[in-house]
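One structure below.
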Amino acid sequence: MISVIGVIAFILLSPVIGGLIAGIDRKITAHMQGRVGPSIFQSFYDVGKLFEKEKTVANDIQRFYVISYFAFMIFTGAIFFAGGDILLVVFALTLAQIFLVLGAYSANSPYSHIGAERELIQIMAYEPMVILVAVGMYVVTKSFNIGTIASYPQPLVLFLPGIFLGFIYILTIKLRKSPFDISTSHHAHQEIVKGVTTEFSGPTLGLIEVTHWYETVIILGFVYLFFAFNTLIAIIAVVLVYLLELLIDNASARVKWQFVMKSSWAIAAIVAMVNLAVLYYLGVG
Amino acid sequence: MTYLSKSPWILHYDASSCNGCDIEVLASLTPMYDVERFGIINTGNPKHADIFVITGSINEQNREVVRNLYEQMPNPKVVVAVGICACSGGVFRECYNVAGGIDKIIPVDVYVPGCAARPESIIDGIVTALGILEGKRNAPQSVSPEQHAVDIQQGGGAQ
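These protein sequence lines map, in sequence, to chains A and B.
Going by our numbering, the first residue of the first sequence is number 191, and it counts up by one from there.
Going by our numbering, the first residue of the second sequence is number 64, and it counts up by one from there.
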């Protein structure tokens with residue numbers, strides 16, 4: 191079941207795909223706001239520039255944390271695209287994210303600490319829903335193995351509409367989009383300086399950006415799994431979901447962290463749990 | 064291949080400006096001028112910034128702030144003084160609390176005069192700064208505020 195080609199393709203292609211997604215994202219966002227916007231290759235220019243800048247770190251351990259963040263994100267994606275265990279993917283993804291939080295905490299800056307605390311709140315907010323995605327897929331396909339889930343002949347989204355909606359909801363947090371971009375944001379917002387990335391600069395910030403491209407690909411891979419019965423439909427669904435996220439991003443203002451927390455858990459507890467209950471009632475599970 | 068001039072991130076600081084120039088700096092970000100099409104982003108964090116845009120003149124309150132922000136920016140970096148107050152102190156240069164232009168504290172690379180400087184001239188100044196930024200790419204170190212103070216006393220200084 192382990193697919194080496196999937197892993198190699200993920201490691202090599204994700205920066206390209208993730209970077210292009212980020213660039214197209216900025217272009218579409220600019221058009222939505224009546225602007226011309228930067229080139230779709232702008233994310234590559236940004237990262238290229240960050241790697242040309244002076245190497246300054248707040249302390250030595252910070253670089254270790256950022257590299258761990260990067261390494262565990264690749265580890266997560268490797269399990270995912272090798273067709274491994276979906277629960278392991280969920281936990282490795284969280285571990286990677288925790289390294290970013292530790293990196294932010296390691297610097298002695300109040301802005302960095304606020305960003306790190308908000309990042310932790312975000313992790314707490316989305317984590318139950320991500321685990322429920324794994325549980326829901328297990329209930330339908332009787333397997334935590336991504337290879338088995340992806341080759342399930344029927345569309346999973348028809349069995350798991352509630353869990354899919356809940357996942358779309360927390361996708362806004364994972365992609366760092368408004369209204370849930372409380373720890374850091376891609377836009378030129380200046381609130382609490384720049385949240386969790388405050389104390390990172392130059393190459394380390396560039397590495398965080400590249401890691402986020404990998405993360406975007408993994409997260410969109412989850413969306414793909416819901417439609418995996420047909421590759422074409424799945425890709426169209428992923429594109430539509432991303433465009434929906436962009437629309438939400440541009441149409442909404444940032445909310446307070448209390449709302450992020452309460453609403454994410456409420457959605458997970460109501461929509462996703464009802465979905466699971468219905469599956470049990472119908473005898474699917 | 065160089066990416067420095069394709070992705071300049073700006074730190075904007077208001078040093079005792081009357082807000083006239085600040086409004087014009089922000090006007091450059093609006094859909095009318097849209098500087099993001101050059102990859103320019105207005106960050107709030109000196110550690111992410113490449114270009115330091117300052118409006119207004121130096122006084123006793125912001126002397127240390129300007130120096131601190133400049134020192135936090137990673138090399139290579141350039142400084143753009145926007146508005147006549149930032150260039151020379153303008154009509155306030157004789158005031159008891161005003162030390163003068165930004166170049167009294169840190170080395171300034173581009174001067175954008177005007178009261179208030181128009182968005183077109185601000186964008187022009189920043190594009191000029193991109194060329195200087197590109198030239199500084201191979202320079203190991205920017206001029207420190209201390210070295211700059213010595214330069215001024217010896218009659219040199221920035222430009």
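Beta carbons are placed, not taken as given, at the ideal position from N, Cα and C, and that holds for glycine.
What you are looking at is a predicted structure, and each value in this text was computed from that prediction instead of being measured.
Taking residue i as the query, report the chain B residues whose CB atoms sit under 9 Å from its CB, ordered along the chain.
i: V226 (chain A); result: P94, D97, E99 and R100
i: L395 (chain A); result: K110 and H111
i: K239 (chain A); result: T65, Y66, L67, S68, K69, S70, P71, W72, G102 and D113
i: K232 (chain A); result: Here residue 232 (chain A) is Gln; the residue named in the question, Lys, does not match the sequence. Residues of chain B passing the Cβ test: K69, S70, E99 and G102.
Per DSSP, residue i is paired with what?
i: V142 (chain B); result: B:F115
i: H75 (chain B); result: B:V116
i: I121 (chain B); result: B:G163
i: N335 (chain A); result: A:D275
I want to verify the contact list: residues of chain B whose CB lies under 8 Å from the CB of residue i, in sequence order.
i: Y235 (chain A); result: Y66, K69, S70 and G102
If you reduce the DSSP assignment to three classes, tell me which class residue i lands in.
i: G163 (chain B); result: strand
i: I104 (chain B); result: strand
i: D275 (chain A); result: strand
i: A467 (chain A); result: helix
i: N82 (chain B); result: coil
i: N131 (chain B); result: helix
i: N154 (chain B); result: The question names Asn, but residue 154 (chain B) in the sequence shown is Val. Reduced to three states, the DSSP call for V154 (chain B) is helix.
i: K367 (chain A); result: coil
i: Q216 (chain B); result: helix
i: M95 (chain B); result: coil
i: F354 (chain A); result: helix
i: G238 (chain A); result: helix
i: A286 (chain A); result: helix
i: N201 (chain B); result: helix
i: N420 (chain A); result: coil
i: L430 (chain A); result: helix
Using the beta-carbon of each residue, which ones in chain A are nearer than 9 Å to residue i?
i: P137 (chain B); result: K243, E244, K245, T246, S391 and G392
i: R130 (chain B); result: Simply none; closest approach about 17 Å.
Which residue marks the beginning of the alpha helix (DSSP H) containing residue i, and which one marks its end?
i: T331 (chain A); result: P300 to T331
i: E399 (chain A); result: P393 to F416
i: S184 (chain B); result: P182 to G198
i: R216 (chain A); result: V194 to M222
i: L346 (chain A); result: L346 to F349
i: M451 (chain A); result: W447 to I457
Take the Cβ of residue i as the centre, count every other Cβ of all protein chains shown within 10 Å, and call the residue buried at 16 or more, exposed below.
i: V474 (chain A); result: exposed
i: Q124 (chain B); result: exposed
i: I104 (chain B); result: buried
i: M319 (chain A); result: buried
i: K69 (chain B); result: buried
i: Y224 (chain B); result: Here chain B has residues from 64 to 222 only, and residue 224 (chain B) is not among them.
i: H402 (chain A); result: buried
i: R200 (chain B); result: exposed
i: Y471 (chain A); result: exposed
i: T331 (chain A); result: buried
Just to make sure I have the definition right: I need the residues of chain A whose C-beta is within less than 8 Å of the C-beta of residue i. Which are they?
i: R126 (chain B); result: Ordered by position in chain A, no residue passes the 8 Å Cβ test against R126 (chain B), which lies about 22 Å from the chain.
Just to confirm the assignment, what range does the beta strand (DSSP E) spanning residue i have?
i: V175 (chain B); result: V173 to V175
Below 7 Å on C-beta distance, what does residue i contact in chain B?
i: A220 (chain A); result: E99
i: Q223 (chain A); result: P94
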